[in-house]
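Mapping of the sequence shown onto my numbering: position 41 corresponds to residue 76, and the numbering continues sequentially without gaps.
Built from N, CA and C at the ideal position, the CB exists for glycine as well.
Computed from a predicted model, the values in this text were never measured in an experiment.
Structure record follows, encoded as structure tokens.
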Amino acid sequence: MFDGDPIDPQAQSKLNYDNCLAFTNFRISTNPYEYEISDIDVTNKRKVRKENDYFVLFEFSAKWDPVPTMLCQNHERIIKAFMGQSTAFRSDKLKPEVLVMGENKSIGEVKYIHGELGNGTWTFYGGHDPEDYQHFVGDPATELDLYPNSPGYRLILNNILFPAAKKKKLKT
Numbered sequence: 036m037f038d039g040d041p042i043d044p045q046a047q048s049k050l051n052y053d054n055c056l057a058f059t060n061f062r063i064s065t066n067p068y069e070y071e072i073s074d075i076d077v078t079n080k081r082k083v084r085k086e087n088d089y090f091v092l093f094e095f096s097a098k099w100d101p102v103p104t105m106l107c108q109n110h111e112r113i114i115k116a117f118m119g120q121s122t123a124f125r126s127d128k129l130k131p132e133v134l135v136m137g138e139n140k141s142i143g144e145v146k147y148i149h150g151e152l153g154n155g156t157w158t159f160y161g162g163h164d165p166e167d168y169q170h171f172v173g174d175p176a177t178e179l180d181l182y183p184n185s186p187g188y189r190l191i192l193n194n195i196l197f198p199a200a201k202k203k204k205l206k207t
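Right under this line is the structure:
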């Protein structure tokens, strides 16, 4: 649609979900005027008011699950949610091997997920700006200095710092 060519009418049937990191059995949007790309995102179907929009981080054991423990390290477990191109993910579209790290279970939304690919890992965090509930394209940038203790930004920072974490060599 961006270069003037129409979408392949067989695009949906040509999807190979085995090549997707986190999602399966989703339907792509073929409408160039629709903001959504697929039915993975929950934005158009959600019925949550801003003041009630939260998600919960899971607790992991540092001994048994060091990576998710690092990625979920935060001073709060209940996090204010926020919107974006992909506000949150439909739990019924996740592959079974995807690790859910944050969700609003009561409405079937997953906000923070993690997985492995080869020798690496990936993390998806739904939404756009943790301190601007509905940040639109063209809106002024958020002043990060105003939010030094933002739990939403902390999750982003965890993912930035995570690759620098090294396992300590154990004494034998």
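Problem set entry | First and last residue of the uninterrupted alpha helix (DSSP H) at Y89 | Where Y89 is concerned, there is no enclosing alpha helix (DSSP H), although the beta strand (DSSP E) it sits in stretches over 89-92.
Exercise. In whole angstroms, what separates the C-alpha of E135 from that of N51?
Worked result: According to the sequence shown, residue 135 is Val rather than Glu. Taking the straight line from one Cα to the other gives about 23 Å.
For this session: Give the straight-line distance between the Cα atoms of E144 and F159, rounded to the nearest whole angstrom.
Result: Across the structure, E144 and F159 are spaced so that their CA atoms are roughly 13 Å apart.
For this session: Using the DSSP secondary-structure output, state which residues sit across from I148 in a beta bridge.
Result: Answer is V135, F159.
For this session: Determine the direct distance from the alpha carbon of R62 to that of L56, and round the result to whole angstroms.
Result: C-alpha separation (whole angstroms): 16 Å.
Exercise. Starting from K80 and walking both ways along the alpha helix (DSSP H), at which residues does that stretch end?
Worked result: No residue range can be given for K80, since it is assigned to no alpha helix (DSSP H) and is classified by DSSP as neither H nor E.
Exercise. What's the gap between the Cα of P175 and the Cα of I114?
Worked result: 23 Å
Exercise. Buried or exposed: where does K80 fall if 16 or more other Cβ atoms within 10 Å of its Cβ makes it buried?
Worked result: exposed
Exercise. Expressed to the nearest angstrom, what Euclidean distance is found between the alpha-carbon atoms of D76 and K98?
Worked result: 33 Å
Exercise. By how many angstroms is the C-alpha of L179 removed from the C-alpha of L190?
Worked result: 14 Å
Exercise. How close, in whole Å, do the beta carbons of P103 and F90 come, if the pair is a contact with beta carbons under 8 Å?
Worked result: No, P103 and F90 are not in contact; Cβ-Cβ is about 15 Å, not under 8 Å.
Problem set entry | For K56, three-class secondary structure by DSSP | It should be pointed out that residue 56 corresponds to Leu in this sequence rather than to Lys. Reduced to three states, the DSSP call for L56 is coil.
For this session: Return the chain-ordered ranges of every alpha helix (DSSP H) run that is complete within the region 163-205 and spans a minimum of 4 residues.
Result: 186-196
Problem set entry | Simplified DSSP state of L106, which is helix, strand or coil | helix
Problem set entry | Backbone CA spacing between D40 and S185 [nearest angstrom] | 43 Å
Exercise. CB-CB under 7 Å to Q47, same chain, minus the five flanking residues each way: which ones, in chain order?
Worked result: For Q47, where only same-chain residues beyond five positions count, the Cβ hits under 7 Å are R62, I63.
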